[in-house]
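Student: Residue numbers (our numbering), protein chains in the order written: chain A, 26 to 459; chain B, 586 to 1178. Note that beta-carbon positions come from the ideal geometry of N, C-alpha and C, so glycine has one too. In this text the structure is predicted, and so the values were computed from the model without any measurement. Questions regarding the structure given below will be posed in turn.
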Amino acid sequence: MQKVYSQILQISGDVITVEAKGITYKELAEVKTQRGTSLAQVIQLDGEKVSLQVLAGSRGVSTDDKVRFLKHPIQVSFSDNLLGRIFTGSGDPRDNGPHLTDNMISIGGPSVNPSKRIVPKNMIRTGIPMIDIFNSLVESQKLPIFSIAGEPYNELLARIAMQAEVDLIILGGMGLKYDDFIFFRDTLEKQGSLSKSVLFIHTASDPTVECLLVPDMCLATAEQFALQGKRVLVLLTDMTNFSDALKEIAITMEQIPSNRGYPGDLYSQLAARYEKAVDFDGAGSITILAVTTMPGDDVTHPVPDNTGYITEGQFYLRGGRIEPFGSLSRLKQQVNGRTRSDHRTIMDRMIQLFADYRETLEKRSMGFQMSSWDDKLLSYGQKFESELMDLSVNIPLEEALDRGWRILAECFEPAETGIKESLLDEYWPKESVK
Amino acid sequence: MFSKQIKKGIIKEHKVKEKLREGKVRGVNGNMVAVEFNEKVMQNEVAYVVVGEEKLKAEVIRVKGKRADLQVFEDTTGIEVGHDVEFTDELLSVKLGPGLLGQIFDGLQNPLPQLAEQHGFFLKRGAYLQPLDMTKEWDFTPTVNEGDKLRAGDPIGTVPENMFEHKIMIPFDSQGELEVTKIVKAGKYNIEQSLATVKDSLGKSIDVKMVQTWPVKIAIKAYVEKLKPTEPLVTKIRLIDTVCPVAIGGTFCTPGPFGAGKTVLQHLLSRHAEVDVVIVAACGERAGEVVEILEEFPELIDPKTNRSLMERTIIICNTSSMPVAARESSVYTAVTLAEYYRQMGLNVLLLADSTSRWAQAMREMSGRLEEIPGEEAFPAYLESRISSFYERAGLVRLRDGKIGSVTIGGAVSPAGGNFEEPVTQATLKVVGGFLGLSAARANARKYPSIDPLESWSKYTSFIDADKIKNAVATLRKSNGVGQMMKVVGEEGTSTDEFITFLKGEFFDAVYLQQNAFDKTDESTPAQRQRHVFGLIDEILRQDFSFESKDAARRFFQELRQSFITWNSLAFDSEDFKKREDELRAKISSVCSA
């Protein structure tokens, strides 16, 4: 019984209303317009009035266009055929590959039973010292990268995607500039990582509603791969665009806004996505890294603020570097005690000394006299910035730790570092480097 | 009239269910479903929306003419206009009885491990399980005889549950005096078996079982009177116990921006607080944090009882990705369980993390109901809901003269870390203690990151009030000097001022800050706190004379190092005494005569 409805009562924003019977909440429909066919999703039922959001946008929808209900919610095909493919937010191919229709699974499924989760114990190595040493990324962690427009956050994501030791990468682009999409695709292709990746891309010129589907598409497929025992890394860029799309739809639906126009359920909406990060007891895992651009570099803006309450730490990307202060990986203690015996000490001491360096910089700019200790700190800080902080540095954790010792040895006497003697004996570079 | 409805709801539970009243779905908007009904509905009644094989639990939250609005505790995908709705005649309730301790429930009291056994990795929609084991047999010992006259809440006997004598009580909603007409002998019974029969003044007989049902949104009031909380609750966290103490039966809140350590603080409280039962309500927060408790608690030993901490703990877990409506009910479920154990004369601590998520759930629902919004779109009844929740805490005298208590500590997650927002402000009006967490302290790695100068408490500490007042005054002065030095530099301050500054920093570093990774320092019992604070007080009042600021700084640095080591030595050990003597000697060496 595939009844077609051809009387659209209302068109407002990307939401259309028809009168229909026997419609289920959140089911899909097809809207045939002059410009082609688009999918639409039921978002409200009120008696016989059915409101749908049109995924391709309502532009060009006329009141006598045909709406056909499909009797199922939004689904995505899941199989190994996904690998190496690029899709739009509604699951259509964006590359020249075929449409996939086998083994359709629903998106936005139920949440994981907390008693089936385990405390994560594996580190994900990225080759970026600022992450590996100072804020280790842990399997099943959900971490945002707080940044502002213009920072190289997509470059950082692409690098992590290429270097992280995971089985699969799923990239979700929301409101991505077309250039950035090409950048991701080409980088993955060049490095040969495309064959273990799946891309769901919504570019800035695509309909808003598709933007909302990208995280769910990514996470639903990630979940299936994880259940097969795969370690999946999901990269999302940019969650602020996703939140803005939520805002747009909420306002169209005449919902009462709560804070700067965002809907009251922004926290729940973000959490429903981020909480998909999981380490299954007896299967694989999902790790989420997501870019959140902060409008006006304001961390109290509703999007970064709500995100911070949900995620397990955050990386601040500022001036092209991962800022050591404010950046935090809440799960690092789970892994950095088991890497190398000097890991935690190097992490703590180098950051404390770097904090002293920043203070010295301030003192210098205020015109205070520099002591010999200040000079040591200045040379230390410069080395730290160029040899460890710079994003171009790409070395494994052990080498990074060794480099840390070398920098310390080049700038300080062993006793000045405040590191306990047993560690100094073991790791302090033997030959004089000065 | 309300209490009549409750009574009816509960008694129905015991009877054979009659045919349920029905309704039809008329609209769906998010987790709100509009239903048309024929006969009648009851406000806050539980109903089930029938979607094929699944029955989704829902609660009536508004009635208008022949239409009722229901909040559904599950994902509403697939609900259709015209679907059946079954009304149950019961308010949203929990089951109370032996076997609650050590369990992990969701917001509707479904046991999560059992759900996982049956349905695997994911929370299956519409799957509800019995919260208590119906077949397990408990050793019942009666404490009443036939002919005894009892009232609601009076025990008829006990069963051993972990380290407690779990009292089996007359249903809390019973009216007037009841006469025991039958009581079973001591022996093994399951929770559904009738243990006693009591007759009320009208001659109606009521069966008493181990299990009883209670609606979560109504406070249990089967006690003689509510008392003023005066006795301090020892949390073993020095900053709290000294500067902003919490009372047994009191309330407090811990607001703080993200990353300030709210959850870590709640975990520390749940581990170390000197209470009988701890209920952790993880409400709308990260699932990973609950998993940490789940893995950690069974391994940790409670020094008081020598049993695993899990045996005194109940976890109510509705994490942020679980359905929003159940988030609201989770705090009520938690407080009802707390009140139940209070009725046995136990001290219960309820920790809710975070009440902001609960308030947000109310806001979401209010928006869907198209109610006129208050500040930041929170509903106008936000304040009254928050205060009636905290008012369920309290110290009560029971009918047998015993004292029981519920202490409530709520974490608040203010948007943007700004304490001016509505949830924090509504909470501050009703709580007895404000333990404000500061991002600045957390960034400086000063834990616990409660701001000692901003926080306040209306309760009294077990440490002498005058001494505390002096210490806080020193800290305040020190803080002022610190601020001033940022502008004028060290050279712009007098030596006296500088010493005050050092004293304040010292007090903060060795006493207010506590190392959660150190086995001994992590928790400081009351006796040790009194002892250590005695020495702190002497130091703060001492007139020191130093040759130079550098000498003063060096002295305090050394004293601090030595004091921190002292903190991690076992109380009353030889080393502890020796170190104390060294500290005292060091202090007297620089005293001005």
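Listing by chain order, which chain B residues have their CB less than 8 Å from the CB of A:R142?
Tutor: Residues of chain B passing the Cβ test: A872, G873 and V876.
Student: Mind reading off the beta-carbon distance from A:S104 to A:D90? Whole number of angstroms is fine, and I expect it under 8 Å.
Tutor: Between A:D90 and A:S104 the Cβ distance is about 33 Å, and since that is not below 8 Å, they are no contact.
Student: Listing by chain order, which chain A residues have their CB less than 7 Å from the CB of B:K1104?
Tutor: Simply none; closest approach about 16 Å.
Student: Please report the distance separating the alpha-carbon of B:P883 from that of B:S893.
Tutor: The alpha-carbon atoms of B:P883 and B:S893 are separated by roughly 5 Å.
Student: Excluding the 5 residues preceding and the 5 following B:H668 in the sequence, name in chain order all residues of the same chain whose CB lies nearer than 8 Å to its CB.
Tutor: Closer than 8 Å at the Cβ level, and outside the excluded window around B:H668, lie K609, V610, V634, V635 and V636.
Student: If you draw a straight line from the alpha carbon of A:I419 to that of B:E960, how long is it in whole angstroms?
Tutor: According to the sequence provided, residue 419 of chain A is Asn. The question's Ile does not apply to it. C-alpha separation (whole angstroms): 49 Å.
Student: Given a limit of 7 Å on CB to CB distance, which residues of the region 331-345 of chain A reach chain B?
Tutor: Those would be G333, Y334, I335 and E337, in chain order.
Student: With a cut-off of 8 Å on the beta carbons, I'd call A:F340 and A:N160 a contact; round off their distance for me.
Tutor: The pair is a contact, with the Cβ atoms about 7 Å apart (cut-off 8 Å).
Student: Just the Cα atoms here: how many angstroms apart are A:R389 and A:D400?
Tutor: If I take the Cα positions, the gap works out to 10 Å.
Student: To the nearest angstrom, report how far apart A:E348 and A:A270 are at their CA atoms.
Tutor: Looking at the two C-alpha atoms, the distance is approximately 29 Å.
Student: Between the Cα of B:K651 and the Cα atoms of B:K625, B:M1070, B:A712 and B:A996, which residue gives the shortest distance?
Tutor: It is B:K625.
Student: Ignore the nearest five residues each way along the sequence and tell me which others in A:E273's own chain have a CB closer than 6 Å to its CB.
Tutor: For A:E273, where only same-chain residues beyond five positions count, the Cβ hits under 6 Å are T233.
Student: For chain A, is any of its Cβ atoms less than 8 Å away from the one on B:K709?
Tutor: Judged by the 8 Å Cβ criterion, B:K709 is in contact with chain A.
Student: Along the beta strand (DSSP E) that carries A:G200, what are the first and last residues, could you check?
Tutor: Run containing A:G200: L193 to L201, per the beta strand (DSSP E) assignment.
Student: Looking only at its own chain, which residues have a Cβ that is under 7 Å from the Cβ of A:F379, when we skip the five neighbours before and after it?
Tutor: Contacts found: P349, G406 and F409.
Student: Can you give the beta carbon distance from B:L1087 to B:F1141, rounded, assuming they're within the 8 Å contact cut?
Tutor: Sure, about 4 Å apart at Cβ, within 8 Å.
Student: Which ranges does the beta strand (DSSP E) cover as unbroken runs of at least 3 residues, wholly within the region 32-91 of chain A, from first to last along the chain?
Tutor: With a minimum length of 3 residues, the continuous beta strand (DSSP E) runs that stay inside the region 32-91 of chain A are 33-37, 40-44, 52-58, 61-71 and 74-79.
Student: What distance in whole Å lies between the Cβ atoms of B:F706 and A:V137, which are believed to be in contact at a cut-off of 8 Å?
Tutor: Contact flag correct, Cβ pair sits at about 6 Å.
Student: Taking only beta carbons into account, state which residues of the region 287-302 of chain A come closer than 7 Å to chain B, listed in chain order.
Tutor: The residues in question are G289, D290, Y292, S293, A296, A297 and E300.
Student: Quick one: complete beta strand (DSSP E) runs, 3+ long, within the region 209-292 of chain A?
Tutor: DSSP runs (the beta strand (DSSP E)) wholly in the region 209-292 of chain A: 222-228, 256-262 and 282-284.
Student: Are any of the Cβ atoms in chain A nearer than 8 Å to that of B:F706?
Tutor: Chain A, which has a Cβ nearer than 8 Å to the Cβ of B:F706, makes this yes.
Student: By the three-class DSSP mapping on this structure, what secondary structure does B:S759 have?
Tutor: Reduced to three states, the DSSP call for B:S759 is coil.
Student: In angstroms, rounded to a whole number, what distance separates the CA positions of B:T992 and B:A845?
Tutor: Computed Cα separation, rounded: 23 Å.
Student: In chain order, what residues of the region 774-789 of chain B put their CB closer than 8 Å to some CB of chain A?
Tutor: Under the 8 Å Cβ criterion, the region 774-789 of chain B contributes no residue.
Student: By DSSP, does B:Q1099 sit in helix, in strand, or in coil?
Tutor: Of the three classes helix, strand and coil, the one that applies to B:Q1099 here is coil, per DSSP.
Student: Taking Cβ to Cβ, would you say B:R942 is nearer than 8 Å to B:E1006?
Tutor: Result no, Cβ atoms of B:R942 and B:E1006 do not sit closer than 8 Å.
Student: Nearest-angstrom Cα distance between A:F112 and A:Q358?
Tutor: About 37 Å.
Student: Indicate whether at least one CB of chain B lies closer than 8 Å to the CB of A:V40.
Tutor: Output row for A:V40: interface = no.
Student: With 16 as the cutoff for other CB atoms within 10 Å, does A:E279 come out buried or exposed?
Tutor: That one is exposed.
Student: DSSP beta-bridge partners for B:F725?
Tutor: Paired residues: B:G772.
Student: Leaving aside the five residues before and after B:M895 along the sequence, list all residues of the same chain whose C-beta is less than 7 Å from its C-beta, in chain order.
Tutor: So the list reads G687, F882 and P883, once near-sequence residues are dropped.
Student: Can you tell me whether A:Q166 is helix, strand or coil according to DSSP?
Tutor: Reduced to three states, the DSSP call for A:Q166 is coil.
Student: Who are the Cβ neighbours of B:D861 in its own chain at under 8 Å, not counting the five residues just before and after it?
Tutor: F749, R897, Y926, L931, N932 and V933, listed in sequence order.
Student: Could you list which residues in chain A have their beta carbon closer than 8 Å to that of B:S998, in chain order?
Tutor: Neighbours of B:S998 on chain A, chain order: Y334.
Student: Could you give the distance in angstroms between the alpha-carbon of A:Q69 and the alpha-carbon of A:H97?
Tutor: Using only the alpha carbons, I get a separation of about 15 Å.
Student: For B:D733, which residues from the same chain have a beta carbon less than 8 Å from its beta carbon, with the 5 sequence-adjacent residues on both sides left out?
Tutor: Once the five neighbours on either side are set aside, the close Cβ partners of B:D733 are E764 and V765.
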